[in-house]
Structures are given as structure tokens and as C-alpha cells.
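Taken in sequence, the protein lines are chains A and B. Add 2 to a position in the first sequence, counting from 1, and you land on the number used in our numbering. Add 3 to a position in the second sequence, counting from 1, and you land on the number used in our numbering. Cβ atoms here follow ideal geometry from the backbone N, Cα and C, with glycine treated the same way. Quick caveat, the model's predicted, so the values are computed rather than measured.
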Amino acid sequence: MVEFWVNVFLISLLVVITFYIIRLKSLIAIVALSGAYSLTAAAIFVNMDAVDVAFTEAAVGSGISTILFLAALRYLPLEEAHHTRFSGWSLTLCIIVGLMLINAAFSLPDFGDPGAPAHLHVAPRYIEESYPLFHIPNVVTNVLASYRGFDTLGEVVVVFTAGIGVIILLTGSTLSMRFRKSENLPVQNKEASKKET
Amino acid sequence: MSSLYSVLLNWNYIVVIMLMMAGLYIIISNQNFIKKLVGLSIFQSSVFIFYISLGKVSGGTAPILTGVSDTVYSNPLPHVLILTAIVVGVATNALGLALVVRIHEAFDSIEEKKLLALKIEDGHQENEQKDNKL
């Protein structure tokens, strides 16, 4: 029962954090809040028995992601240029879609129901058969590396492609210009680089 | 009373949908690209929480075998899928941030409206040049 109320509290905390992300203008504050959001999500994952997901989220989602955002902000303005006007039609769209989804969510199996279809098909096989086959007590590691190794291979390919993309984007003709900007030296070839792009 | 109970029982699903729509709202309505990326990552994590909620079995424990018989374990399959998705999400974020940095270098702005205005101005200039040539 305690577990349930902790879950309700933490997940409501996410709503508060998201509200302030929408309201705030300072980008540093927004990035810090998104790190807090990831850390709260990691706590929720621990509470819902997903320990492996929790430490990946804490390390990668809250750590590396925040560092990447802060590193990018070094070259960017730290404030939103002008306050975003309240846009009625997008809010209406979001509310309509949200209500439709909530309506659909009530026909899902109840939260934590052991008889839900998702728990009856392959999951029992993974839990019962993986230890005799591979002798690793952690079922998640087993499934990740042994049963679904190709998924992980695909993930590595995606990360590799994204890495190549980042390198190609950031080591272009304007690399020297970026270094000069970060050292607050006068930018001389601004016109030239504009013509290039 | 029973409806209140069912709302509280499925509070996870409702909040996940609220977060998802908040992320969508940020992506649509905000002009700043960094804030759009944060909105995208909020949308993403809401899906992660949804999957993990589906995998939860009440009274269960983490799917690490204890050797004690009759232990109830949560469903390990959503955990595996989300583990992959988190890492891919960060890779996407990195690519997006690299694009934003390059956009700022090239146009000195990361606000959507300013960039669109620049594009329209460029279009006018090109048209004028064509007219002059003619």
C-alpha cells in the first residue's frame, strides 16, 4: 500500500515539474528542471520494480542528457527571446487528444493486475526458462543480451549513426568560428561564413 | 466512490497522458528550439513511464531471480524495450542539439518565427534580383 501512495505522489510531482517547464523562460532553469524530471522518473521506475531501467534513466537520461543540453547552451542564448504567446488552438488540440486518450485508458487492464494479457504470453517463459539456459539471475539482462540481442545491435547502429551525424554537423566549416565565439574574441569572418551557409 | 477509486488506481495512465499532452503543447506552441527539444524528451519519458506501468504486477518484485519459489516478478519485457529506448532517446537529443547549434551559427537565432521571417526576406531578395536581371 505504501508503494502505491509513493507512486501516486512521485508521479504527481512530474506534473508540477512539467508545469514549471512550460512557465519558465530561462533555458538553464528549464534544462535543470528536465534533469530533475528524469531523476524523479528514475525514482518512479525503482518503485515499479524496474531497477535496470531506473539506473539507465538516472545515468543516461538525467546525467548525460543534461550535460549535453548544458554543453549546447554554451553556444546559445540563455533566455527565450520573447515570451511565447498563449496559443489557444494548440491547447485545444492537446486537450481534445488528451481526453480521447484518457477515455481509451480506462479500457486498459487495471494498474498492477496480474491477469493482464501482457503478463501471460512470453514473460512467464523468460522468467522460468532463462536461468536454466543462460545461468544469469537477472532476467532483464538475459532478455536484452540473449533473447533479443538483435534489438541491442539495432540500438548500437542507431547510436553510431547519431554519433556520426553529430560529428559531421559540428566539424563543419564554422568550427573555428565557434571556438572564437566561446573565447569572446572578435569574429572576423562572420560575413564569409554567412555566405558559405 | 468506485469511480474515484478507479481514477486513483489508474492514476499512472492519466498522468502519463497529461505529461504527453504537455510535451506536445510545448513542441507546438514554443518558439525556442531548446525548449522544443525539452518538450520532446518529456513526451518520450511519458511513454517510458507508460510502458513500465504496464509491466508492473502488484505484489511483485524486480525481475532478478531470488531462488525462492512462489515469488511474483514484474514483467521483464517492457523493461528491456525501454532500456533500449532511453539510450536511443539520448542519441536523438544529441543530434537535435547539434542541429540547433549549427542553426544558431548560421542565422544567429534559435527562435522559429525569426528564422521563418529570414526565409521570407531571402525569398523577396531573390525575386527582386531576378526582376532586376530581367
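Min CB distance residue i to chain A below 8 Å
i          : result
Glu-114(B) : yes
Ala-25(B)  : yes
Ile-20(B)  : yes
His-127(B) : no
Leu-121(B) : no
Asn-96(B)  : yes
Phe-51(B)  : yes
Lys-39(B)  : no
Ser-5(B)   : no
Glu-124(B) : no
Ser-72(B)  : no
Leu-118(B) : no
Tyr-2(B)   : Absent from the structure is residue 2(B), since the part of chain B shown begins at 4 and ends at 137.
Leu-43(B)  : no
CA-to-CA distance, residue j to residue i, given in whole angstroms
i          : j          : result
Ile-66(A)  : Ser-36(A)  : 12 Å
His-107(B) : Leu-27(B)  : 23 Å
Tyr-54(B)  : Val-19(B)  : 10 Å
Val-142(A) : Tyr-128(A) : 9 Å
Leu-3(B)   : Phe-36(B)  : No statement about residue 3(B) is possible, as the shown extent of chain B runs from 4 to 137 and does not include it.
Trp-7(A)   : Gly-167(A) : 43 Å
Phe-110(B) : Gly-42(B)  : 23 Å
Phe-51(B)  : Leu-84(B)  : 9 Å
Gly-62(B)  : Ser-89(A)  : 44 Å
Asp-115(A) : Glu-131(A) : 23 Å
Ser-92(A)  : Ser-148(A) : 44 Å
Anticipated Cβ contact below 8 Å, residue i with residue j, distance rounded
i          : j          : result
Leu-171(A) : Ala-101(B) : 4 Å
Asn-78(B)  : Ala-125(A) : 4 Å
Ala-34(A)  : Ala-44(A)  : The pair is not a contact, with the Cβ atoms about 16 Å apart (cut-off 8 Å).
Ala-88(B)  : Ala-164(A) : About 14 Å separates the two Cβ atoms, so there is no contact after all.
Thr-20(A)  : Ile-45(B)  : 6 Å
Leu-12(A)  : Leu-22(B)  : Not quite, the Cβ-Cβ distance comes to about 13 Å (not below 8 Å), so this is no contact.
Leu-101(A) : Ser-64(A)  : Wrong, their Cβ atoms sit about 31 Å apart, outside the cutoff.
Ile-67(B)  : Asn-105(A) : 37 Å between Cβ atoms; not a contact.
Leu-70(A)  : Ile-30(A)  : Between Ile-30(A) and Leu-70(A) the Cβ distance is about 14 Å, and since that is not below 8 Å, they are no contact.
Paired residues, beta bridge with residue i - DSSP
i          : result
Glu-114(B) : Asn-35(B)
Ile-45(B)  : Partner(s): none; Ile-45(B) has no beta bridge.
Ser-28(A)  : Glu-81(A)
Ile-67(B)  : Asn-140(A)
Tyr-76(B)  : Thr-64(B)
Any C-beta of chain B under 8 Å from that of residue i
i          : result
Leu-41(A)  : no
Glu-202(A) : Residue 202(A) lies beyond the range of chain A shown here (3 to 199); nothing can be said about it.
Met-50(A)  : yes
Ser-14(A)  : yes
Any non-hydrogen atom of the ligand GTP within 7 Å of residue i CB
i        : result
Leu-7(B) : By its list of ligands, the structure shown contains no ligand whatsoever, and the ligand GTP lies outside what it can speak to.
Buried or exposed by the 16-neighbour rule on C-beta atoms within 10 Å, applied to residue i
i          : result
Leu-135(A) : exposed
Val-104(B) : buried
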